[in-house]
Structures are given as structure tokens and as C-alpha cells.
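Worksheet for the structure shown next.
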Amino acid sequence: MDSAALVGLVALFLGGVLLVIWCVEVFIAAVARSAVSLGVSGFFLAVVLAGVDLENAILGVTAAFVDLPDLALGTVFGESLFVLAVAVGVAGLAVPFRMDVPRLYLFLLVLVPLPAFALSLDGTLDWTDGAILTVLFVPLLAGIFWRERRSETTYLLSGEVEEVVDLEDDPDAASETDRVGGAAAAESNGGAAPAIGRDGDERDEGRARDRGSDSGLDLDLDLDFDEFVPDLEGKSGRFSLAVAVLAIGGMTVGSGITVVSAEGIFVALGISGLAFGATVLSFIASIEELALTVEPVRQGRAHLAVGNVVGSTVFYVTANVGVIALLRPVDTTGAVLAVHWPFFAAGLLVVAVMLAHGRVTRFGGGVLLLLYVGYWIANYA
């Protein structure tokens, strides 16, 4: 393949990824607006959408559908490690912070990958394994929803959902948020969100739990395409649903372009689809996770960042890999057991230890970033 053809494939690849990300932003905005208009709980919507990383899931599922299961599995490991190592690592380096993480979420973070690992030991994830992992995601998400409704602090209200559902503008949604923590509204003092219990007592989340620091750095990567998302304010719920359906069509086209061009690239370069999916594809598709993790920490709202890390990890190692295995059997021998699982486990261990001690430090952030660099090297060694 000549260089001009390779450049063309790279351009198609990048264009497809950007189209998927933009359509996901439009889809979330449309679904959020229609749900609030139709009386659906804004908090429930936030938990559901925060627990599903749509753009990454779409790319992985599309790769499996066109018979590229190695590429699809690579995105699962690559995206998981990006959130753990890069997002948390950059947050630790830029804005070291302290916080108390519920033990339930620490146990969940550490234990939830075990079923996928155990099912991988026989060398293949087949459709029965995929069904088990996909079904497992349902009670986990339900348990998180149950816990969040009864908590004084909402952990899993992700940044992307918070931006498109202005819960304060909707009385019903606002009261729902007040009941579970008031995390959608930031205090003017340091940008921290007060935790409001069901009895109405307020606690200063910024000082009591999330001791982040506003360093003055502007780490908002602005990768959410906000200015390009159509304004659905005042539109009917049905109109917003129609926009969501159109966005699904755009996601389908964009993911198809991305996967087909990605195959051409890794074949031309003589690398495996597993390595390409775990590094290049997952890095580009997941880079907005930096904003969803670093910005809440910078604003003194570290509970949102932790929610993003826990929710993403739960989804990746259950429903995401499960749906891929339902579509195509996945080979889990070789590099999967020798490279991907060990690096994922190492990143998970470092993050879990820091969260258990209530401190994410610059040293820990540096270790995580070095681990991610080592992961890239191991994929191409």
C-alpha cells in the first residue's frame, strides 16, 4: 500500500471516530431532553447513561459484527486502562486530591473484573460467556442505582450527562437530584457540590470529602463538541426522540467507517488488530475521559471523577466484553493473558490502593502514566 492510500485511511479513521463521538453527544442531549420532557427521572437517566460508555461500546460492537473480534477486545482493554491509568494519572499529577470512597465501590472496582478473567482462562470467550457477562451488568447497575438513591452524595452523575441535563431548570428533576445528593449544582466556593441528604441537611462536599484543589489550570479539553450539538431547549419530547434516532444512524455510519479504515491501517502496518484496538483506537475514542475525570477533580468534585472510573470499569468488563462475545467468539490466549490482563490488573491495583487510602498523589499519577507507556510498548514489542 502506498503512502497516499495510507494517509487516506488515517483520515477516514479519524473522521469516523469524530463522527461517532459527535453523534453520541447529540444522542445523549436528545435522550436527556426528551426524558425530562416526558417526566423520566433525571437521576435515573444520569446513572444509566453514566454507566454506559456509548462511543467506545459502539466501536467495539461494530468491530465484532464485521468479524474483527480481536480489534473489539482490544478496545475493551485499551479503554479500561486509559480510564484507570491516563485519566486518573493525569488527575493525580495535575491536581492531587483526597477523598473518602465508599467501601462498596472499592470492592466493586476490584472484584468486578474477576468473572471476565475466570471465563477467559479456557482460551475463548464464547456466546455463553458473553451472555453471563452481559446479564451480570444488569444487577450491578441496579445495585448502583439503589445505592445512589439512598446516598447523600451522588457519585455516578457523569460530566457528559450533567452538561446536557440541566436538572435545576426542571423542578421535578431538581427535587430528585436534591434527594440523592445535589451533585448537579456547584457551590460558588471552589466549585464544590454540596451533598444534600433526604432530611435536607447540607454538607460541604468540597471540604469534608473531596479535598481537591482548584489549581487554576484549565484542563477542560472541550472534546464534547458542545457548540456543535443542536440546541433542543424548548423542543418537544417527540422531536428530541427523532433527533436521537437520527444520531443512532450517524453512529452506525461513523463506526462502520472507523472499523473498516482501522482494519486497512493495521493490515498495512503489519500489526495485530488486538494491539491496534488496545492502543490507537481506544486512545482516540477515550480521550474525552480526561475531561470527565480531571475537570471534576479540579473543581473540587472528585466524587464525580471516581464515579466515572467505577462506572466505566464495571461496564467495560461486563456488558461491553459480553456483547462482543455474543456476536463473535473471542480468542483470549497469547497476548490477552500475557499482556492485557496483567497491565489492566496492575492499573486497577494502583488506583484501588490510592482510593482505599483516600489520596490520589502525584507519585501515584506518575506510576499510572508510566504503566500506560509500558502497555503501549508491550503491545508493539
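Numbers given in this note's numbering equal positions in the sequence shown, counted from 1, plus 47.
Heads up, the beta-carbon is just placed ideally off N, CA and C, and yes, glycines get one too.
Everything numeric in this text was worked out from a predicted model, so none of it was measured.
Burial of F144 is indicated by the presence of at least 16 other C-beta atoms within 10 angstroms of its C-beta. If you draw a straight line from the Cα of L140 to the Cα of L161, it comes to about 29 Å. Considered as a whole, the region 330-418 harbours 336-345, 349-362, 368-374 and 388-403 as its complete alpha helix (DSSP H) runs of no fewer than 4 residues, in chain order. Within 10 angstroms of the beta-carbon of I68 lie 16 or more other beta-carbons, which makes it buried. Within the DSSP bridge table, the entry for T299 names no partner. By the neighbour-count criterion, in which a residue is buried when 16 or more other Cβ atoms sit within 10 angstroms of its Cβ, H404 is exposed. Bounds of the alpha helix (DSSP H) holding F323 are G320 to F323. Linking G190 to V148 through their CA atoms gives a straight-line distance of about 16 Å.
Around G121, the same chain offers L321, G324 and A325 as residues with beta carbons nearer than 6 Å, after the five sequence neighbours per side are excluded.
Apart from the 5 residues on each side of it in sequence, L187 sits with its Cβ closer than 6 Å to the Cβ of V361 in its chain, given in chain order.
Annotated three-state conformation of R194 is helix, per DSSP. The Cβ atoms of A134 and T340 sit closer than 8 Å to each other.
For L374, the closest of D117, F330 and E335 by C-alpha to C-alpha distance is D117. In the structure shown, T200 adopts coil according to DSSP, grouped into three states. For D117, the enclosing alpha helix (DSSP H) covers residues P116 to L128.
Cβ-Cβ distances below 6 Å link V357 to Y152 and L156 in the same chain, with the five nearest sequence neighbours on each side left out; the list follows chain order.
When the beta-carbon positions are compared, G63 and G301 come within less than 8 Å of each other. DSSP places L158 in the helix class (H, G or I) of the three-state scheme.
In the DSSP assignment, T326 is bridged to no other residue.
The criterion of a C-beta distance shorter than 8 Å is satisfied by L172 and T379. Comparing alpha carbon positions, the residue from I424, V414, E102 and V400 closest to F154 is V400. Under the 10 Å beta carbon count, S333 is surrounded by 16 or more other beta carbons and is classified as buried.
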